[in-house]
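Undergrad:
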Amino acid sequence: MMRPSSALLVGVVKLLVGAYARWIGTTPGPAQRIYFANHTSHIDTLAIWSSLPRRLRSRTRPIAARDYWGSGVKKYIATRGFGAVLIDRAREDAASDPLEPLRASLREGDSLIIFPEGTRGASAVPARFRSGLYRLATEFPAVELIPVYLDNLHRSLPKGALLPVPLVCTVRFGAPVTVAAGETKEAFLERARAAVVGLADQAAA
């Protein structure tokens, strides 16, 4: 059952930005997945999570930076509202691996929402992907990797803005990506990034 706080969050996001899902090359289903997307605003996480069918939200956990979402009202929203996994992006403990909370969630059967750029960008298309997606893909080969493109959120809530501008935002889900036999980390990350960029081109199609 969806918690009242979760239902409220979904309603607010739908009202503000729409977050309409378009499934291109895949369909919503029960398979365990890692959804990876471009990152341009603080509302990206909520937009993707809200766009999923209700039956999938309870087992899909967004990844959120502890330095932003880890205290006060924002922590309540992140952990109680949409079940986020908080990670130590700042590496306060140099001996810790920031991917370990993600591995723990995957081992428990959860799906994840991640942003391989690692931080928000100002461009409509993602910057170079960091290595985390590749590491998770090779460690959990049975988990589907689904590229996602958030259209218009860089205009609705650009970096530095406090309130979203009402715009219709679309969440595009693409065909699964896999690590090919013998593929290097660099080649895979660039191909995964290209899958997200390709979904951006769907706007002109």
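Residue numbers (the numbering used here): -16 to 188.
We put the beta carbon where it would ideally sit given N, CA and C, even for glycine.
Note that the structure is predicted; figures quoted are calculated from it, not measured.
1) Assuming Val126 and Ile17 make a contact with CB atoms under 8 angstroms, what is their CB distance in whole Å?
2) Which one or two residues does DSSP pair with Ser94 in a beta bridge?
3) Within 8 angstroms, do at least three Cβ pairs link the region 33 to 45 to the region 1 to 14?
4) Do Ala164 and Pro130 have their C-beta atoms within less than 8 angstroms of each other?
5) For the region 104 to 121 against the region 37 to 45, are there 3 or more C-beta pairs whose distance is under 8 angstroms?
6) By a C-beta neighbour count over all protein chains shown, 10 Å radius and 16 as the cutoff for buried, is Tyr59 buried or exposed?
7) Which residue marks the beginning of the alpha helix (DSSP H) containing Val192, and which one marks its end?
8) Over what stretch of residues does the alpha helix (DSSP H) that includes Ile31 continue unbroken?
9) Residues in its own chain within less than 8 angstroms of Lys57 by CB, not counting five upstream and five downstream?
10) Buried or exposed: Pro99, going by 16 or more other Cβ atoms within 10 Å of its Cβ?
11) Nearer than 7 angstroms: is that true of the beta carbon of Thr121 relative to any heavy atom of the ligand NAD?
12) Count the other C-beta atoms from every protein chain shown that fall within 10 angstroms of the C-beta of Thr161, then say buried if there are 16 or more, exposed otherwise.
13) Keeping to the same chain, check which residues put their C-beta closer than 6 angstroms to that of Ala188; ignore five residues upstream and five downstream.
14) Could you tell me the alpha carbon to alpha carbon distance between Gly53 and Arg111, rounded to whole angstroms?
15) Closest to Glu169 by C-alpha separation, out of Ala78, Asp93, Gly115, Gly55, would be which residue?
16) Assuming Arg44 and Gly64 make a contact with CB atoms under 8 angstroms, what is their CB distance in whole Å?
17) Ends of the alpha helix (DSSP H) at Arg49?
18) Is it buried or exposed for Pro13, if we count other Cβ within 10 angstroms and need 16 for buried?
19) Round the Cβ separation of Leu133 and Cys152 to the nearest angstrom and send it over; I've been treating them as touching at under 8 angstroms.
20) Answer with buried or exposed for Met(-16), where buried requires no fewer than 16 other C-beta atoms within 10 angstroms of its C-beta.
21) Check each candidate in Glu83, Ala178, Leu69 and name the one with the smallest Cα separation from Val108.
TA: The structure says:
1) The residue given as residue 126 occupies position 143 in the sequence shown. The residue given as residue 17 occupies position 34 in the sequence shown. Correct: roughly 6 angstroms between the Cβ atoms.
2) Stepping through the sequence shown from its first residue, residue 94 is reached at position 111. Beta-bridge partners of Ser94 (DSSP): Thr43.
3) yes
4) Here residue 164 refers to the residue found at position 181 when the sequence shown is read from its first residue. Here residue 130 refers to the residue found at position 147 when the sequence shown is read from its first residue. No, the Cβ-Cβ distance between Ala164 and Pro130 is not below 8 angstroms.
5) no
6) Position 76 of the sequence shown holds residue 59. With fewer than 16 Cβ atoms within 10 Å of its Cβ, Tyr59 is classed as exposed.
7) Because the chain in this structure spans residues -16 to 188, residue 192 falls outside the shown range and cannot be described.
8) The residue given as residue 31 occupies position 48 in the sequence shown. Start and end: 27 to 34.
9) For the purposes of this step, residue 57 is taken as residue 74 along the sequence shown, with counting starting at 1. Same-chain partners within the cutoff: Tyr51.
10) Here the question's residue 99 lines up with position 116 in the sequence shown. Per the 10 Å Cβ criterion, buried.
11) This structure lacks the ligand NAD; in fact it carries no ligand of any kind.
12) Position 178 of the sequence shown holds residue 161. Result: exposed.
13) Taking the first residue of the sequence shown as 1, we reach residue 188 at position 205. Note that Ala188 has pLDDT 48, beneath the 50 cutoff, so the model's placement of it is unreliable and no number is given.
14) Counting from one through the sequence shown, the residue named residue 53 turns up at place 70. Counting from one through the sequence shown, the residue named residue 111 turns up at place 128. Roughly 26 angstroms separates the two Cα atoms.
15) To locate residue 169, count along the sequence shown from 1; it is residue 186. Comparing Cα-Cα distances from Glu169 to each of Ala78, Asp93, Gly115, Gly55, the minimum goes to Gly115.
16) Counted from its first residue, the sequence shown places residue 44 at position 61. Counted from its first residue, the sequence shown places residue 64 at position 81. With a Cβ gap of about 12 angstroms, Arg44 and Gly64 do not count as contacting.
17) By one-based count along the sequence shown, residue 49 stands at place 66. That run of the alpha helix (DSSP H) goes 49 to 52.
18) Sequence index remark: in the sequence shown, residue 13 carries index 30 (1-based). Classification of Pro13: exposed, given that the 10 Å Cβ count is below 16.
19) Position 150 of the sequence shown, counting from 1, holds the residue named residue 133. Position 169 of the sequence shown, counting from 1, holds the residue named residue 152. Sure, about 7 angstroms apart at Cβ, within 8 angstroms.
20) The residue you call residue -16 lines up with position 1 of the sequence shown. Note that Met(-16) scores 41 on pLDDT, short of 50, meaning its location in the model is unreliable; the coordinates nonetheless yield the value given after this. By the 10 Å Cβ count, Met(-16) comes out exposed.
21) Here residue 108 is taken as the residue at index 125 of the sequence shown, counted from 1. When each option's Cα is compared against that of Val108, the closest is Ala178.
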